[in-house]
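Reviewing the structure listed below.
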Amino acid sequence: MTSHAQFPPASTTDYLTLDVVTKRYGGKAVVKGVSLSVARGEVLTILGPSGCGKTTTLKMIAGFLEPDDGSVSVDGARVDKLSSHQRGAAMVFQNYALFPHMTVRRNVAFGLRMQRKPAAEIAREVDAMLARVRLSEFAERYPRELSGGQQQRVALARALIIRPKILLLDEPFSSLDAKLRKQLRSEFLEIHRNFGITSVFVTHDLEEAFAISDRVAVMNTGVLEQFGSPTEIFSRPRTRFVADFVGHKNIFTGEAVASADGGSVLAADGLSIRLPAAASGEVDVSIPVHRVRVSRTALDTGNAFRGDVETVAYLGPVVQTTVLVGATRIESYLSASPELETLRSGDKVEIGWDVEDAVVIPGAGPA
Amino acid sequence: MNALRFEKWALGIWTSLISIFMLGPLAIMFAISLTSNGYISLPTEGVSLRWYADMLRQRVFLDAAMNSIVLALQATLTATVLGTLAAIAVTRYRFPGRGLILLLAGAPLFVPLVMTGLAILIFFSTLGIGGPAIRLYVAHVCLTVPYMVRMVAIALAGFDWNQELAARNLGASPLRAFVEVTLPQIMPGVIAGAAFAFIISFDDVGVSIFVTGAAYKTLPVELYAFAAFDLTPMIAALAVTMIVFSAVFVLLIERFFGVQRVLAGEAQTAPRRDGDG
Amino acid sequence: MSAFRRHRAAWLLALPLLVFLTVLFVIPVGQIMLLGLFPKGEGPTFALFEEVLADPFYHRVAIRTLRIALLTTLLSLVLAYPVALHLRNVGSRWQSAIVLIMVSPLLTSVVVRTLAWVVLLSNRGILNQAFGAIGLPPMRMIYVEGAVVVGLTHVFFGYMVVSLMTSIRRIDENLYAAAANLGASRLRQHLEITLPLSLPGVLAGSVLVFILAASAYATPSLLGGLRISMLAVEVFNQAITYFNWPEAAVISTGLFVLIAAVVWIATRVAEGGRRKVIFQ
């Protein structure tokens, strides 16, 4: 192995911890009591719409901003009073912020030069790093002469060469088209596997967050809405905001009443929906689009309603439909089938889902 | 189609005529400087460099030229430092008072030159301090600093300030980050701005004529005084020398920045006040 | 105070310029504006302003200043518009070269370029020598308003070209194709497309040239002589020749106000209150 073998191996203990961190600008809190943690070697993504405080949070981890309250710890030691480079958190910026007047080699060498290492040692380490990220033949090029993927590798190499404890990435793919994003995402994952470095990633792109992360933190208006694994976040959203943000379409808000069988019944939008667990009072319930079934014949699902097809769109392997039950619109993504191909707007259908498929969203507002 | 063709021709011819109008007087100046006659005339009797030789024997002009160069260097250096720092402040940060600083930095361009000159003359006289050298220095910094701010601000437009954060993140001190990362990238703007400032200072009459003194005159002021009563081909030789001197700086600007860009950016906010001094 | 602390870096960077210009420019200019109100150290009194405003000599000079500045603006506009149109038809190399020619007078000292005109126009100057050679009587071409207008136009022409070019270059070429497709002749295309869309450039260039011409000093004094005086020349005469600083202060304040008023009116009228075009 090369000298970079010292990157710690993955473990389950928390390596980076944010403890009720708050940041205010002119009296207005933009990050409110956020607590997060990530284990060694894992990827944590902070996900949220623009202005949600995710970049501010990242900047507090990076040391560009000081938290007003709370603490940031790395490997058990508090770092929030340390300057940016002392805490070993290297940053990959949006659009990479490569130095355009320096060659790839000089860009990558920058951090080592700042450490006043001897020239020979710098040259050796830079060569090793460039080889590792497959950039050796581009060493004397300037950033503008590189493709997007190559630029990303330069940015990663420049950050990784100072052997940081944590790698921070601020929406590195946000200005790119969809195809390139996917390619760069897999390049990032490859390098991450290769170096095994603990990483914190900021994005507003749901798919990106789910594709690369071990843990996801969803933020909105400075508040941490939910923190968990991608599957948890998607299948059990804790708040209405998270449910909307991760793409839940059929969300019903109503009054729930406990029923005899241990479940409950929700009265919402003129429908009576059976829920799997006991609930009472006002609740939000989401029916995932891929759980909804549509048929011309009667359904044996626990919830079933008669409705009229409003729209049908054939998207290759799936068929997207909206069905009106009274005035309530229910959306579904169905696997294509011969029966569905004959479906037309205005058709009378049966629409339904199993009782267990309804997801009860616990918090009505911010958690 | 024919109308379009005609239009292109007509515009081309018009532009050529205007070019003659622009360059003609300067070309004739050049021709006169080469005359062998003893009075202002085209070199009909033959070409001679006698007036250039004559010029080099005039102590008054040599001293004034030296004054002008020293003054322009001092003013340019000051304006470069003050202007670059202020330009960074207004492009990098959004802060209360930013508008005020922008307004202030442009203010000398909106006040007639004669007013600036008069104001600085009276200010120093009332205080009873400073001679012509210090007055000229202050006046020329006021005159040139707005261009410096503008030019560096243009050079910084679209600059990704995350580069400085990246450098800091990799262990550079704030000064080191500026010197290694930001400065090399705005250097063309700084050089072009400094060259422009130098020309403005070196050529100025409008302000200088108020604050100059018998003991310390700049070349344009000396030339102006001389030209008003004694026009000889030697004056033409001197004028041509000044044009060549300025041209060096103009080419420097064109090389590093583009004259067009300088004036186009500038035309939107403010005129070059040396203009007519 | 906390606002200062939060933006300390910005303020520290701007501070040297702020201090320099405040102390050595804003205060002196403010001082001469006040000087007119306290001519003999007492006041405030508008006596001196009233005196200057009542003086028919200054009326003539002020009107002449406005006339010369307006004529210069108009002449520059008419001469420069075709040049700006031509710049669109040529490649970027030619464009740079032409712009360099147009601004060359701007980049040479005012004395030098004005001297060139003196040499050409004076009574025994190059043009009159040429007239003599072909048997024409000598003409009086210097110390007349026309000479001042020509000299000023020559100098400030570059600003007009660059201002016009900036807005003409932004016009989408497809608009002409669209207009031609709808049956507009070339002339109509210019009237309906080029002219209205270049108005911001026309306004910017005109205001610029007007300001510069109205406050010109060296050109009118060399090409206009004693007869064709302008306000800036009178500021110099009062301050340096007669050593009458209060009166010089009043005239320069008047010049400043006059220019500001004309620019304000022009931008209001032309842009319906959108001064931004010029002053961003």
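Chains as they are written, first to last, in the numbering used here: chain X, 14 to 380; chain F, 62 to 338; chain A, 4 to 283. Glycine residues also receive a C-beta, built at the ideal position from the N, C-alpha and C atoms.
Review point. Would residue 68 of chain F count as contacting chain A if we go by Cβ distances under 8 Å?
Key: yes
Review point. Among X/153, X/310, X/315, which residue has its Cα nearest to the Cα of residue 432 of chain X?
Key: Residue 432 of chain X is absent from the structure shown; chain X starts at 14 and stops at 380.
Review point. Counting Cβ pairs closer than 8 Å, one from the segment 246 to 261 of chain A and one from the segment 179 to 192 of chain F, do we hit at least three?
Key: yes
**Study point:** alpha helix (DSSP H) segment containing residue 59 of chain X, residue limits
**Key:** For residue 59 of chain X, there is no enclosing alpha helix (DSSP H); the residue is part of the beta strand (DSSP E) that begins and ends at 56 to 60.
Review point. Of the residues X/324, X/341, X/235, which one's Cα is nearest the Cα of residue 358 of chain X?
Key: X/324
**Study point:** Contact list for residue 23 of chain A against chain F, beta-carbon separation under 9 Å
**Key:** 139, 143, 199, 202, 203, 206
Check your understanding: According to the neighbour-count rule (16 or more other Cβ atoms, all chains shown, within 10 Å of its Cβ), is residue 188 of chain A buried or exposed?
Key -> exposed
Practice item. Could you check if residue 157 of chain A is buried or exposed, using at least 16 other CB atoms within 10 Å of its CB as the buried criterion? Key: Buried, because 16 or more other Cβ atoms sit within 10 Å of the Cβ of residue 157 of chain A.
Review point. Around the C-beta of residue 184 of chain X, are 16 or more other C-beta atoms found within 10 angstroms, so that it is buried, or is it exposed?
Key: In the assembly as shown, residue 184 of chain X is a buried residue. Its beta-carbon has 16 or more other beta-carbons within 10 Å.
Check your understanding: Is the Cβ-Cβ distance between residue 140 of chain F and residue 202 of chain F less than 8 Å?
Key -> yes
Exercise for review: Establish whether the CB of residue 236 of chain F and some CB of chain X are separated by less than 8 Å.
Suggested key: Residue contact check for residue 236 of chain F against chain X: no CB pair falls below 8 Å.
Practice item. Between the Cα of residue 243 of chain X and those of X/252, X/236, X/234, X/230, spot the shortest distance and give me the residue it belongs to. Key: Checked all of X/252, X/236, X/234, X/230; the closest Cα to residue 243 of chain X is X/230.
Check your understanding: Is residue 55 of chain X near residue 227 of chain X, with beta carbons less than 8 Å apart?
Key -> yes
**Study point:** Pairwise C-alpha distance: residue 73 of chain F and residue 63 of chain F
**Key:** 15 Å
Review point. Do you know offhand how far residue 273 of chain A's Cα is from residue 259 of chain A's?
Key: In a straight line, the C-alpha of residue 273 of chain A is about 21 Å away from that of residue 259 of chain A.
Practice item. Mind listing the chain A neighbours of residue 279 of chain F? Cutoff is C-beta to C-beta under 8 Å, in chain order. Key: The premise fails here: residue 279 of chain F is roughly 10 Å from chain A at the closest Cβ pair, so nothing lies under 8 Å.
Review point. If we count Cβ pairs, one from each stretch, closer than 8 Å, do we get three or more for the segment 154 to 170 of chain A versus the segment 212 to 224 of chain A?
Key: yes
**Study point:** First and last residue of the uninterrupted beta strand (DSSP E) at residue 184 of chain F
**Key:** It is not in any beta strand (DSSP E) - residue 184 of chain F instead sits in the alpha helix (DSSP H) that spans 174 to 188.
**Study point:** Contact under 8 Å by Cβ, residue 307 of chain X with residue 344 of chain X
**Key:** no
Check your understanding: Considering only residues of the same chain and omitting the five flanking positions on each side of residue 157 of chain X, which have a CB-CB separation below 7 Å?
Key -> 113
**Study point:** Three-way DSSP call (helix, strand, coil) for residue 219 of chain A in this model
**Key:** coil
Review point. Out of X/162, X/37, X/253, X/274, which has the shortest C-alpha to C-alpha gap to residue 190 of chain X?
Key: X/162
Point to revise | Cβ shell of residue 257 of chain F (< 7 Å), same chain only, five flanking positions each side left out | key: For residue 257 of chain F, where only same-chain residues beyond five positions count, the Cβ hits under 7 Å are 208, 212, 314, 323.
Review point. Quick one: is residue 220 of chain A buried, meaning 16 or more other Cβ sit within 10 Å of its Cβ, or exposed?
Key: buried
Point to revise | Every unbroken alpha helix (DSSP H) inside the segment 251 to 288 of chain F [4 residues or more] | key: 269 to 272
Check your understanding: If you draw a straight line from the C-alpha of residue 128 of chain F to the C-alpha of residue 194 of chain F, how long is it?
Key -> 9 Å
Practice item. Could you spell out the range, first to last residue, of the beta strand (DSSP E) harbouring residue 320 of chain X? Key: Boundaries of the beta strand (DSSP E) harbouring residue 320 of chain X: 316 to 328, taken from the DSSP string.
**Study point:** Cβ neighbours of residue 151 of chain F in the same chain (closer than 7 Å, five flanking residues each side left out)
**Key:** 159, 162, 163, 214
Practice item. May I ask which residues mark the beginning and end of the beta strand (DSSP E) holding residue 46 of chain X? Key: 41 to 52
Review point. Excluding the five sequence neighbours on either side, which residues of its own chain have a C-beta within less than 7 Å of the C-beta of residue 198 of chain F, listed in chain order?
Key: 132, 135, 136
Review point. If you run the structure through DSSP and keep just helix, strand and coil, what is residue 92 of chain X?
Key: Correct three-state label for residue 92 of chain X: coil.
Practice item. Can you give me the Cβ contacts of residue 168 of chain F inside the same chain, cut-off strictly under 8 Å, excluding the 5 residues immediately before and after it? Key: 207
Check your understanding: Leaving out five residues before and five after residue 114 of chain A in sequence, what residues of the same chain have Cβ atoms less than 7 Å from its Cβ?
Key -> 221
**Study point:** residue 240 of chain A, enclosing beta strand (DSSP E) - first and last residue
**Key:** Counting along the chain, residue 240 of chain A falls outside any beta strand (DSSP E), and DSSP gives it neither H nor E.
Check your understanding: Going straight from the alpha carbon of residue 151 of chain A to that of residue 231 of chain A, what length do you get?
Key -> 8 Å
Check your understanding: Does the distance from the CB of residue 180 of chain X to the CB of residue 172 of chain X come in under 8 Å?
Key -> Contact: yes.
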